[in-house]
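What follows is a single structure, written as structure tokens, with notes after it.
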Amino acid sequence: MFSRLQRFYTSIKVVADMVMLAMAFVLAYATRFSGIVPVTEGIPPWTDSFFSLVMVLVIFPVTFHQSRLYGTNRSRTNTGEVFEVFKSTITAALILVAVTYFVRERYSRLTLAIFIVYAFTLVTCSRLVFRYVLSEVRRRGHNLKSILVIGAGDLGQRVIETVEHHRELGFRVMGVLTLRQEKVGQYVHGVRIIGHVDQVNEVLDAHPVDQVILALPLEGHAHVKGLMDKLALRTVDVRVVPDLYQYITLYGGLEEFGGLPIIRLQGDPMEGWSQVAKRAFDITFSLLAILITSPLMVATALAVRLTSRGPMLYRQERMGMDGRTFPILKFRTMRIDAEHSGAMMARPDDPRRTVIGTFLRKYSLDELPQFFNVLRGDMSLVGPRPERPVFIEEFKRQIPRYHLRHKVKAGITGWAQINGLRGQTCIEKRIEYDLYYIENWSLLMDLKILVRTALGGFLSKNAY
77 MFSRLQRFYT SIKVVADMVM LAMAFVLAYA TRFSGIVPVT EGIPPWTDSF FSLVMVLVIF
137 PVTFHQSRLY GTNRSRTNTG EVFEVFKSTI TAALILVAVT YFVRERYSRL TLAIFIVYAF
197 TLVTCSRLVF RYVLSEVRRR GHNLKSILVI GAGDLGQRVI ETVEHHRELG FRVMGVLTLR
257 QEKVGQYVHG VRIIGHVDQV NEVLDAHPVD QVILALPLEG HAHVKGLMDK LALRTVDVRV
317 VPDLYQYITL YGGLEEFGGL PIIRLQGDPM EGWSQVAKRA FDITFSLLAI LITSPLMVAT
377 ALAVRLTSRG PMLYRQERMG MDGRTFPILK FRTMRIDAEH SGAMMARPDD PRRTVIGTFL
437 RKYSLDELPQ FFNVLRGDMS LVGPRPERPV FIEEFKRQIP RYHLRHKVKA GITGWAQING
497 LRGQTCIEKR IEYDLYYIEN WSLLMDLKIL VRTALGGFLS KNAY
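Throughout, the numbering used here is defined as the position within the sequence shown, counted from one, plus 76.
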């Protein structure tokens, strides 16, 4: 029921956004060519703009989804909603410009600017109206479904918190049953414990309940059969929340395979369209980066060749997604015999560096060839920085969750790097930042990290 209602509300938002975007596109076209603004090259036929409209109706909803605008967030204020719509609109517009540039689609730049203003205005208005209507429906208590939670422990408390966090779905917890008789009468997150689990029949007779959620710990599963025998004689919906949260590490959840329910304790953070969107994002912006930085790369390559003996590029084995290794590309900053005695990390005042190597490392210019790694698919623009396999085995022994960072592609830059965690900084802290990025990933977050990197995120006292 929860997922059906969530999908229902999400579909309403998606349809409303697409309608607003289509209206904004038509209004922008009409405004641009209505005679208000002088037209010097004639009015293009509407059919020329049809492809642009199709791209708008694909790119903008996908970007909104990646920015979590279709999720439920009760704590987000109206101002926060407006700000998120603004950021997502600008992000989608940039992606639209990049796509139209590569497909050579003709469009009016002024029309695009007008469209962005209209799109932001109309989408924002529809979102605020939607939030107001939902708020009024909840405030007046219409179509509320009551829930009885069986289990007052950590799992039951999490169920209550989740229901409260998604109040727009129309559920409320009317009470809790506990395994411990002495807790009866107490409150759990504002909800009263109204009885013991053995009193489920008496509670259902005394209170109108639409749904029962079993949230018992593993040691309480001996009560499940007796409870199900009693609930089988009732018309209430019954849901079970398994006590496996302590084993879930990354992107866990419930899925179905051929009708067989399976609990996923650890999964891939980027699947399906998310993976496609990130790959398209990587290809688009890495091509732009190569185009923009190509003169700088040529100059850097010549500087490396003229100031030291050996090749301009340096290939080093690194570990990426799913533990696969790949040769990472860098401009060479050390002597060709730098590791004749074995692998070692760079350190301050490293004597192995070349004349220009210190400068290249300080400003991260040695990393520029990695845009070609991104095009090849070895890396992503944004993600955890790849480490050398020789060091990873030691890290795995020291840090229990270290391997989870290999669930995504390694990146040229990342959340840890723009927060100053470069070089020989605390590895535990870097892993914490990497896992935060993986768990909260969105295209908008990638764009923020790239912008902060371009504005100096790679300038660090730990870059040596």
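No residue lacks a Cβ here, since even glycine has one placed at the ideal position from N, Cα and C.
- For Phe467, there is no enclosing beta strand (DSSP E); the residue is part of the alpha helix (DSSP H) that begins and ends at 465 to 474.
- A straight-line Cα-Cα distance of about 18 Å links Gly266 and Val285.
- Membership of Ser362 in the alpha helix (DSSP H) is indicated by the continuous run 349 to 383.
- The Cβ atoms of Ile269 and Gln262 sit closer than 8 Å to each other.
- Contact between Val264 and Ile236 holds, with the beta-carbon distance rounding to 6 Å and staying under 8 Å.
- Judged by their CB atoms, Leu133 and Tyr194 are not nearer to each other than the 8 Å cut-off.
- Per DSSP, Ile289 is one residue of the beta strand (DSSP E) stretching across 287 to 290.
- In this structure the stretch 460 to 478 touches the stretch 379 to 398; the number of beta carbon pairs closer than 8 Å is three or more.
- Nearest to Val199 by C-alpha distance, out of Ala174, Leu170, Ile166, Val175, is Ile166.
- Excluding five sequence positions before and after Phe140, the CB atoms of its chain that fall closer than 6 Å to its own CB belong to Ser164, given in chain order.
- In this model, Gly229 and Val314 are separated by some 19 Å (Cα to Cα).
- In this structure, Met521 keeps its C-beta atom at 8 Å or more from the C-beta atom of Lys485.
- Fewer than three Cβ pairs drawn from the stretch 357 to 364 and the stretch 428 to 439 lie within less than 8 Å of each other, which leaves the two stretches out of contact.
- Going by DSSP, Gly251 is part of the beta strand (DSSP E) stretching over 247 to 254.
- Shown here, Met410 sits in a strand according to DSSP, grouped into three states.
- The DSSP-derived three-state label of Met131 is helix.
- Here Leu231 really is in contact with Asp319; their C-beta atoms are around 5 Å apart, less than 8 Å.
- The alpha-carbon of Glu157 is positioned some 8 Å away from that of Arg203.
- The straight-line gap separating the alpha-carbon atoms of Gly251 and Ser440 is approximately 58 Å.
- A straight line joining the alpha-carbon of Ile507 with that of Thr489 spans about 14 Å.
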